[in-house]
Each structure stands twice: as C-alpha cells, then as structure tokens.
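Trainee:
Structure below.
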C-alpha cells in the first residue's frame, strides 16, 4: 500500500463515521461536514484574513484547539469552503507528526501549482507528499470514486455534479477521471517480515560505512526497514537523525509507508525521499545563500531547449550555425551538458580539456569548442533566470557543503545516519553529495552493481565499483564492511540457478565474483526454457503459444510479462500479440494512440488556421467529414480569416454537402463553446467527462477497453500538469509545446502504470529497463541476442553524445567506456531473467551464427532447450492503391518523401496540406543560401552575395541589423559553399540537373555538377547543405546510380556546404530489393500506404495519421 491508498482508506472510514448510511451514496458536502463538530469534536469557524494563525493562507487546522479556521474571504459553506475544511481534516487524520497547526492555500488545493519539473520533484518530498495526501483525502471524503462513477453513469457530468453536491469542480473532475478511467482495486499492506540472518547482519552493521550487496529478490527494502528499526529501537537514535535517500517516487512512496507500517516510533520524523527532493528542500531553505527566490523554479528538458534557442543570437559559434534548425542539433548538446554536470565537470574544465586535447578532425574540434560556448551560455541563462536544472538540485548542495558546511549545519548536521537505496544508480554528483552529508557520520548503502542499467556509461560505474575508496575517510580508520544478502525470496531455485549462471557469465566476474544466492522457496520442479527458432519473425508465434499454455495451466495472463531490450521490439510484440488475441497491457507513446490523437485533432481544429485535422477524425463516424468538404474548408480558410481557427464551425462556407454540414453541426455541439485561448484541462475534461468522447462503453470490461481508459487518464493528467500554472494555459500554447516535444523527441512514452492496473488480466509488455523493481509469476524475455546482451559491442549503436563528451573528460578512458557498456549489456539480461518467480522463457533466433547471447552457452545447462517450428504471427498491411494520379516524373525531393512514407507524400503533395507551425527562420535562411548558390553555380548571378540579398528579401527574413548573427552565419555558409562550387568548377565541373530512371519512374535529381571522369565516365557532384540525415539519403540515392542520365560509367558524390567531408554514393546490384525500387513500383499504382518508423516522431502529419504502432 502506498501513502495515497492509505489516504483514500482513511477518507472512506471518516465518511462512514460521519454518515454511516450514506458512505457510498450521494450527500452534499455541507450536510456531510456539518457533522464534523458533533462526531469528531472539531469546530469549524470563519476568521478575518488577517487572523495570525492563517499565516497568509486560506485555512488552518489548530490541532490543540480542535478548530479549523477558514478565511472570511471564502464564502461560508461554499464549494471552496468545504474543500478547504476537508483538506484540513486530511491533515488531522494523516499527518503522523501531528503538528500544532497546518495551513492550507486555496491555490494549491484547486490548481496545478508550479512547473512540470517542480511538480515532478516535489511529489517525492515529505512536506509535499503530505499536501498531496491531504488533497486526495479531501476529494475522496466529499466524493468517493464509486459515487463519482454513479453520477457519470447516470449521465451527469462534473459541472452538474459539483453544483448538486456543493463540491469544487476541480474535485469532481479528478474523482470522475479516477472513477471512470481506472479499475477498482483493493490494496492491502504487507506486514514486515522477520529478517533472515543475512538481512539481520546487514541491518545491525556497526561500521561507519557499510555496503549491502542485494541481488534480485533478496529483500533490499525489507533490510533497509530493519536497519531503521534497529537504529531507532535498539541504538536509541532519534528518527530525525536518519536520512534515507532513493531515486524514484515509487520507491520513496513505498519506503515511507513501510516505515510507518513497521511501527517505528516517530517514523514521520525520518527524512525519506529522493535525492532531488532533498536538493530542492535544501536550496529552498537556503535560497538566500544561492541568491535564489524562495519559490525556486526547476527547468526541465523542454524549458532548457526553448530557453537556449532564444538565446543563441547572443553567442558566436563556428560549427553549429543558425542557418540550421537548432532543434535538430541542440538536443544532444543539452544532454551532453547534463552528463558533464552529473560528473561535476564545469564549463571551464570542459573548455580547458577541449583546448588541451585537440583532435585531428577539425570539424569535431570546432564542434567541441561550440559545446563549451553553449555550456557557458546554459549556465549563464540558469543564473540570470534564477533557475536550476535537475542536476543542480544535487550538485549545488554538494559544492556548497564541500566549500563550507557551517551555513547549512542546522539541516545537514542533524543527520547522523545516511541510508541509500539502489546505490548502483548513483552519479558522480550524488556520490559527492553523499560524501558531504555523511562526513564524520554513518553511511549505509544497499545496491547491486549487476543491476546498474539506468545510467549512461561513464565515470559513475567506476564510482560505484570503488565504494571503499570513495568513503574510506568516513570509516574512521575502520574497515568498510561488505554485507551480501544470500537468500532470494522471489524466485524458485531453478530460476535462481539460471540467474546466477548468467551473473557469472559476466564481464565483471573476473574482478567481482558473484555472491552465492539460495532460493527460500526451494525447487519448483519447473526448469527455465530457452526457445529457439530459425527466424526472428517466428519468435512472437512461440511467445503466443507459451502464454496460452501457461494460462491454460493456471497462470493468469495478468501474472505474465514480456520483456524486450528494444522499444521497437516491445511495440511489435504488443501490436502482433494483441492482434493474435492475447490480452495485452501496453500504453506506449500516448500521442501515438488513436484515442489521444483524436483529442489532439480537435485541439488543432481550434488552433490552426486550416482544418487539416479533420482528416484525423475520419475514424469517428459522427465526425467523418467527406474529403470533398475538407477541400472546401481548406480553400475557404486559405482565403478568408473568418473561416480560420475553427470559426467555420459556427458559420460554414458555401459549397458544403449535407453530410459535411451534419459533421459541422456535430463538431459545433462537441467543441463549439471553446476557442484557441481556452484552457486545455477544461477542454479535455469536458470532452471526456461531459461528452464521453473516445471512452469505451461502460459495459466493456475487456483489457483492451481498460488500457484505452488508462491511456486517456494518463493523457488527461499530463495536460493538467503540462504547463505549470493552469490559469496561464491555453490550447494554442499547449499545442505549440506539444509540437516542440515532438520535434526534440521528448515523447510521452514509458509512463508508469497506475497501481490499479494490477487487477487487469492482461500480459504486460515492457522494456527490460521498465521492468526494474517488478516481479511476475511468468516472464518471457523476447529477442535474446548477442547484440542486446553480449559482452561485445553490438552491430548497431544508438545515437549518443560520445563525440562531445569523450570518456577522458570524465576522468575515464575509451577502454573503460567500452568495458562499462559491456557491463550494462550483461546486466540487462541478468535483470530480465530475475523478474521471474516460477516460469521463465527466453526466446532467440538461430538464423545467424554467433547471434545468440553468450551467457546461454554454459554447460551443464540450467535450462531446457526447445525448438519452435510453428507459425509466425503477422498482421496484414493495409494497401491503398489508386489514391492519386501518378505523374511520370517527379523531383528527387518528392520521391524521397514518398519512399520514406507514401502517406506523407499524399498528405503533403497530393492534398497539399501544409504544416501549421511557422516555417523556422533558420530553415528559410538555409533555403536562401542554397538558392543563392544555385544562382551562382548556374551563372544566373555572378556574385552569390547579391543573390543571397535578393533571396533574403524574397523570403522575408530579418535584416542584418535586426538579426546580425543570423546574417553572419548565412554569409559564413555562403562563402563555404562558394569555395565548394569553385573547387568543383576547377575540376571542369559544369552546372547540371540530371535525371534518373528507376522502376519506370523518372526523377529530376538535385542540382549539381557534371565532372568528366576517366574512360569517358561522368561524376555527378551534388551540393547539399549539411551531412545531417546522410545515411537515409544515401540509402534512397544508391539505386538511382544505374539509371542516371549521364554518359559513360556514372558515379555520384555528395558535397556539403557545412562540411569538408565528401560522401561517395556506392552502387547496388540487387536493385529490385532496394527501398527505392519498391517505392517506384508502389508510386506507379498510386499507393499511399504508410510506412511506420523513426520518421513518424517528427512528421508534421503524425496527429492525423491513423497508422502508428499500438
């Protein structure tokens, strides 16, 4: 049970005490709370706003007087008045410390106060947790979820319900969302088990510094609770002298509640929470020392990105130019800066490293120097805005304490015992903070280096492996003791044996031997199984077969999970297995789900100038606008302001069909009362709770229906907390931020499921990273391979920041980096298999030699080996031909779009839908540069500078006086391009725009230069702007070489304005197998079927596109 479930239970008990006969029925808030004085002996009274105990708040609980005072600014027994009283009752029943007074603020009671980053961090802190609990208690007391559900099912929305019961509208909205969109679940608290000998030894560790090694399932949290219990009850340590730090809100919530349930005296005095919440409390308490405002603002990734983009004109860069879209390159830079800060590398130290360690690659050297400049800008902006980022919450207290701990003694010196959960996930900044907090104190950490899977490979793992070195000074001259936990309470002995074997077949084994672990549950008689198939496509067929076999033998779907290394495999498994009839629990990226896309399309109709979002609503019968009517509306909005931003809903243009007018009327009823400046939270609540748009039928209790409801629940709350102060939120602003999230790859995926999802009888599908801390009766580990889990570097590698944050700048080396990367890959399989309690299946394909995970090549084998020869699971792809009249010739640019995604081509080139976001200034400047270079190359203009000036004016770009840095970067790029042109001309290159034929389709190639080669051949040199996207560009270009309309053996080379590197396009033999050839054949049929891939995340039409992964 977590603290919030306890708040619900307490509210239910209080309601039953106040109104026994109406505990699960409707009763007005006024009638319910009028019983408080007679039943609970707590008086309720209004006082002037100047009443001293209010302390600037709106209500206060005087515990000793047994009074709740409410400011007379709030009307007596109004909805807000009742909400405040209920909130203070929550403090009365829930606050373990029982403070003399607790003050409530109407703003925090009804709103989403603070930025998303602050809300995220605050939820982990003790003070904020109490406020959130009191809020939940108030809502559940006045309107229990089951009663809210009764109102909704009776056809009453939040507005009517709030009026009828005299409850704040905000209370009703949240209770109805929870009541309608979450399954009902009963949660009970688990008693604290008696410690085993190994746990007891660790809990009673006498050393000043102790390292508890807790392998999977060995009860690390239980050991930590017993440690606290031992300190308080036997060592007589006051709870206020104990600091417990963890990483996640889930772990913090569980820890707090288990400490309370363990019966520890004054457990609430223990400071237990996340590293970040401790840092936020530290900086707020001592804000004057850091020159911060007391209401400290925390910047998240999207805030950091947007702030940096606005400030780019302030700095002069040589590699990153403003003629490139900064959102294309700034994301990895900000991630690199974050990584540097995590390892306590300052801007000055980074710049010094870059200057002293020059690399031969001049472009890379310039890139690193630019990162140094951007790092300095990043820190300057934080200081100017009195803002911190997530790393600052840890590093600033660490630095300050290292410099002089005296000013902070009141807080930090009260802690005599520092306990850390999941120590394997620490960063260098966290280690330094711990060193300062535990100075001359006791530090006790619990973790397992073989479960370190949540950090970027760098210096942190080194710190983790050298705990004894880091805290030698804290040990007071005594040895630092290592306490391994040796009893696994989760898994059968067979699962433990295989987990142990995988832990030994590990790159760490030679330097850090795995401790022996035994299963307290003993042997089950069920061996783990490795299932092999000859094809990767058959793996999901094998998974489906095993899931059904287990379900038939008594293992419910809800007790099974599928784990995969890659998100793409997770999405594939979820989609195909659900198609095969397996009940699947998987949310994925919220904005890729159909039910969420429909809500976003309705927002777009009110915000965007042209109503292209109508196409995305075609899946809703009542809103399926005929395409001919969509074209009428698009044309009307293009030419007349009165038909833009949803105004046509109230007064449609002439020329629409009767069906089109019917859909318009349906939209008017649905969203007619809103406009682009409306509040997003109000908008979403109205659609979901007043009009039930997109909600499955109340009678539909299938897993699929509940997953849809949970996705809508997650999306609704992401909207509520997505823009800080709700009063400032607007649909237009929300949509802008949503586009930015899409642009920088800040997806809304991998959200933690609510606890209520645990009652659903469906198979959970997740990444191995997402499975950490979970356990299941049966686990299916899919697509097990050497690439994903082996010691050797995989054949694929994700885009990273190694080029700008080399290991050496972190005090490491490339060899160390590679070693730590292999450790993490080995750890992933170790973590995956250890999630299983009784049944464990691993699935691999054996098509290629040495593709299987090397950890499974041991003897004697700790598993059964089976071969799957059954059918594969497939899902027929929809094919749409004849969607457009196909020209016999198109530009390469258009073909590139088509080959990437046929549907995107249809949207953009056939329907002529345009992106509603303003074309970025940098993009227009880039076009101006390339057009100027084309005019110069073709001799239309003799001087590229004059051509650029003409293009600059034509594209309505800011003048050189208005934006001097943009003009400076454009001139820099132009001159680089001019040098490239001169170099190609010196090779006898002549301007040309060749054509190529593939699959019967003629393509007009990008402009370039024909250069005579040896043996009568011809080189076609294409001038591009940058090397960004070069891999996909080359893939599409390769098959065109054979059909190039140039004499002799032809070759293609790519030259780049912003790079001195030249890329030669190789030819291909099996042209019929290429992506380009297949695209040309599809094009000939007018096919507009989509292609789902990474490009979807940045597509301007992703919201209206119905074809996305589950």
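In this note's numbering, the protein residues as written are 19 to 1128.
We treat Cβ as the ideally placed atom computed from N, Cα and C, and that holds for glycine.
From a predicted model like this one, the values you see are computed outputs, not experimental measurements.
With a cut-off of 8 Å on the beta carbons, I'd call residue 241 and residue 516 a contact; round off their distance for me.
Mentor: Incorrect: roughly 24 Å between the Cβ atoms, too far for contact.
Trainee: From residue 420 to residue 925, what distance separates their C-alpha atoms?
Mentor: Between residue 420 and residue 925, the C-alpha separation is close to 58 Å.
Trainee: List, from N- to C-terminal side, the alpha helix (DSSP H) runs of 4 residues or more that fit wholly inside the segment 735 to 789.
Mentor: Whole alpha helix (DSSP H) segments, 4+ residues: 749 to 762.
Trainee: Any idea what DSSP makes of residue 810, helix, strand or coil?
Mentor: Reduced to three states, the DSSP call for residue 810 is coil.
Trainee: Quick one: any contact between the segment 778 to 798 and the segment 583 to 600, if contact means 3 or more CB pairs under 8 Å?
Mentor: The segment 778 to 798, when compared against the segment 583 to 600, does touch it at the 8 Å Cβ threshold.
Trainee: How far does the beta strand (DSSP E) with residue 795 in it reach, from first residue to last?
Mentor: Segment 794 to 799, the beta strand (DSSP E) holding residue 795.
Trainee: Note down the Cα distance separating residue 395 from residue 413, rounded to an integer number of angstroms.
Mentor: Their backbone Cα atoms lie some 18 Å apart in a straight line.
Trainee: Go ahead and pull the three-state DSSP assignment for residue 863.
Mentor: DSSP places residue 863 in strand when its eight states are reduced to three.
Trainee: Between the alpha carbons of residue 1003 and residue 382, how many angstroms are there, rounded?
Mentor: For residue 1003 and residue 382, the distance between alpha carbons rounds to 28 Å.
Trainee: Compare the C-alpha of residue 703 against each of 689, 694, 716 and name the closest.
Mentor: Out of 689, 694, 716, 689 has the C-alpha closest to the C-alpha of residue 703.
Trainee: Hey, quick one: how far does the beta strand (DSSP E) through residue 1026 stretch, first residue to last?
Mentor: Its beta strand (DSSP E) spans residues 1026 to 1030.
Trainee: On a Cα-Cα basis, can you pick out the residue from 432, 116, 127, 443 that is closest to residue 103?
Mentor: For residue 103, the nearest C-alpha among the options comes from 127.
Trainee: Throw me the rounded Cβ distance for the residue 1141 and residue 538 pair, which I believe falls under 8 Å.
Mentor: Nothing can be reported for residue 1141: it is not among the residues displayed for the chain, which extend from 19 to 1128.
Trainee: State the Cα-Cα distance for the pair residue 345 and residue 761, rounded to the nearest angstrom.
Mentor: Their backbone Cα atoms lie some 7 Å apart in a straight line.
Trainee: Report the residue from 1099, 1032, 874, 721 whose alpha carbon sits nearest the alpha carbon of residue 1016.
Mentor: If we check each option's Cα against that of residue 1016, 1099 comes out closest.
Trainee: Contact criterion: CB-CB distance below 7 Å. Does residue 434 meet it with respect to chain C?
Mentor: Of the protein chains in this structure there is only one, and it is not chain C.
Trainee: Taking contact to mean at least 3 C-beta pairs separated by less than 8 Å, is the segment 1026 to 1033 in contact with the segment 1049 to 1059?
Mentor: As far as the Cβ criterion goes, the segment 1026 to 1033 does not touch the segment 1049 to 1059, which means the pair count is below three.
Trainee: Exposed or buried, what is residue 716 when buried is set at 16 or more other beta-carbons lying within 10 Å of its beta-carbon?
Mentor: Residue 716 should be labelled exposed.
Trainee: Inspect the beta-carbon positions of residue 917 and residue 1094 and report whether they are closer than 7 Å.
Mentor: Result yes, Cβ atoms of residue 917 and residue 1094 sit closer than 7 Å.
Trainee: List the endpoints of the continuous beta strand (DSSP E) containing residue 291.
Mentor: Note, residue 291: beta strand (DSSP E), 289 to 292.
Trainee: With DSSP collapsed to three states, give me the class of residue 23.
Mentor: In this structure, residue 23 counts as helix in the three-state DSSP scheme.
Trainee: Please identify the residue among 984, 890, 866 whose C-alpha is closest to the C-alpha of residue 561.
Mentor: Among 984, 890, 866, the Cα nearest to that of residue 561 is on 890.
Trainee: Which whole-angstrom value is the C-beta distance of residue 548 and residue 874, which I expect to be below 8 Å?
Mentor: About 6 Å; that satisfies the 8 Å criterion.
Trainee: Which one of 52, 893, 939 has the shortest CA to CA distance from residue 597?
Mentor: Of 52, 893, 939, the residue nearest in Cα terms is 893.
Trainee: My understanding is that residue 920 touches residue 1108, with C-beta atoms under 8 Å, so please give their C-beta distance in whole angstroms.
Mentor: Yes, residue 920 and residue 1108 are in contact; Cβ-Cβ is about 7 Å, under 8 Å.
Trainee: Considering only their Cβ atoms, is the gap separating residue 163 from residue 192 smaller than 7 Å?
Mentor: It is not a contact, given that the beta carbons lie outside the stated cut-off.
Trainee: Taking the runs of the beta strand (DSSP E) that are 3 residues or longer, which of them lie wholly in the segment 901 to 979?
Mentor: Within the segment 901 to 979, the complete beta strand (DSSP E) runs of at least 3 residues are 907 to 909.
Trainee: Check whether the segment 221 to 237 and the segment 459 to 469 are in contact - that is, three or more C-beta pairs closer than 8 Å.
Mentor: Touching, per the Cβ criterion.
Trainee: Based on DSSP bridge pairs, tell me the residues matched to residue 550.
Mentor: Answer by DSSP bridge pairing, in chain order: 862, 885.
Trainee: At which residues does the alpha helix (DSSP H) containing residue 178 begin and terminate?
Mentor: Run containing residue 178: 176 to 183, per the alpha helix (DSSP H) assignment.
Trainee: Compute the distance between the beta-carbons of residue 533 and residue 265, then report whether it is under 7 Å.
Mentor: Contact: no.
Trainee: State buried or exposed for residue 835, treating a residue as buried only when at least 16 other CB atoms are found within 10 Å of its CB.
Mentor: When all chains shown are included, residue 835 counts as buried.
Trainee: How should residue 1006 be labelled, buried or exposed, when 16 other C-beta atoms within 10 angstroms of its C-beta is the threshold for buried?
Mentor: So residue 1006 ends up on the exposed side.
Trainee: Would you mind giving the Cβ-Cβ distance between residue 1075 and residue 1043, rounded to the nearest angstrom? I have them listed as a contact below 8 Å.
Mentor: Confirmed, about 5 Å.
Trainee: What did DSSP end up calling residue 1036 once you bin it into helix, strand or coil?
Mentor: In this structure, residue 1036 counts as strand in the three-state DSSP scheme.
Trainee: Could you tell me which residues DSSP pairs with residue 315 in its beta bridges?
Mentor: DSSP, once it has assigned bridges, lists 405 as partnering residue 315.
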